[in-house]
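I have placed the structure first, in the form of C-alpha coordinates, so that the comments after it can refer back to it.
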Amino acid sequence: MSDETPKNQQIPIKQLSPAAKRALAEAEERRKIAAKAKPVPTEIDGRGGEDPARYGDWEVNGRAIDF
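Each residue of the sequence shown is one higher than the one before, counting from 1 in the working numbering.
This is the structure:
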(Lines of atoms letter the chains of each structure in order from A and count residues from 1; the text may use other names and numbers.)
(Lines give C-alpha, C1' and ligand atoms only; values in the text may rest on other atoms or scores of the structure.)
Protein backbone atom coordinates (compact mmCIF):
# COMPACT_ATOMS: atom_id res chain seq x y z
CA MET A 1 0.00 0.00 0.00
CA SER A 2 1.35 3.42 -0.94
CA ASP A 3 0.91 6.64 1.05
CA GLU A 4 1.00 8.72 -2.13
CA THR A 5 -2.20 9.81 -3.82
CA PRO A 6 -2.26 9.76 -7.60
CA LYS A 7 -1.64 13.18 -9.13
CA ASN A 8 -4.59 12.87 -11.49
CA GLN A 9 -7.11 12.10 -8.73
CA GLN A 10 -9.65 14.91 -8.31
CA ILE A 11 -10.86 15.93 -4.86
CA PRO A 12 -14.66 16.15 -4.90
CA ILE A 13 -16.06 19.62 -4.20
CA LYS A 14 -18.58 19.60 -1.39
CA GLN A 15 -21.75 21.58 -2.06
CA LEU A 16 -22.81 24.07 0.60
CA SER A 17 -26.25 23.88 2.12
CA PRO A 18 -28.63 26.85 1.71
CA ALA A 19 -28.16 27.69 5.40
CA ALA A 20 -24.38 27.78 4.96
CA LYS A 21 -24.70 30.00 1.88
CA ARG A 22 -26.98 32.38 3.84
CA ALA A 23 -24.49 32.47 6.72
CA LEU A 24 -21.63 33.31 4.35
CA ALA A 25 -23.68 36.08 2.73
CA GLU A 26 -24.57 37.54 6.14
CA ALA A 27 -20.92 37.42 7.23
CA GLU A 28 -19.84 39.20 4.05
CA GLU A 29 -22.46 41.91 4.66
CA ARG A 30 -21.19 42.37 8.24
CA ARG A 31 -17.62 42.69 6.93
CA LYS A 32 -18.72 45.40 4.48
CA ILE A 33 -20.50 47.32 7.25
CA ALA A 34 -17.49 47.00 9.57
CA ALA A 35 -15.16 48.25 6.82
CA LYS A 36 -17.32 51.36 6.37
CA ALA A 37 -17.46 52.10 10.13
CA LYS A 38 -15.48 55.08 11.36
CA PRO A 39 -12.41 54.24 13.45
CA VAL A 40 -12.54 55.11 17.13
CA PRO A 41 -10.82 58.47 17.72
CA THR A 42 -7.61 58.39 19.72
CA GLU A 43 -7.48 59.91 23.19
CA ILE A 44 -5.75 63.30 23.39
CA ASP A 45 -3.13 63.50 26.18
CA GLY A 46 -4.20 60.09 27.48
CA ARG A 47 -2.08 57.86 29.67
CA GLY A 48 -1.27 55.48 26.80
CA GLY A 49 -1.03 51.74 27.00
CA GLU A 50 -3.79 49.24 27.49
CA ASP A 51 -7.15 49.98 29.12
CA PRO A 52 -6.54 50.04 32.92
CA ALA A 53 -10.06 48.91 33.71
CA ARG A 54 -9.59 45.83 31.58
CA TYR A 55 -6.01 44.90 32.43
CA GLY A 56 -5.88 45.99 36.10
CA ASP A 57 -3.07 48.53 35.57
CA TRP A 58 -4.18 51.24 37.98
CA GLU A 59 -0.82 52.92 38.35
CA VAL A 60 1.65 54.64 35.99
CA ASN A 61 5.20 55.45 37.16
CA GLY A 62 4.15 55.30 40.81
CA ARG A 63 1.19 57.66 40.37
CA ALA A 64 -2.34 56.46 40.89
CA ILE A 65 -4.54 57.13 37.88
CA ASP A 66 -8.01 58.53 38.47
CA PHE A 67 -10.39 58.52 35.57
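We put the CB at the ideal spot given by N, CA and C, even for glycine.
Alpha-carbon to alpha-carbon, residue j and residue i
i: GLU43; j: ALA35; result: 22 Å
i: SER33; j: ASN8; result: One detail in the question is off: residue 33 reads as Ile in this sequence, not Ser. Each residue's Cα considered, the two are about 42 Å apart.
i: ALA25; j: GLN15; result: 15 Å
i: ARG30; j: ALA20; result: 15 Å
i: ALA23; j: ASP45; result: 42 Å
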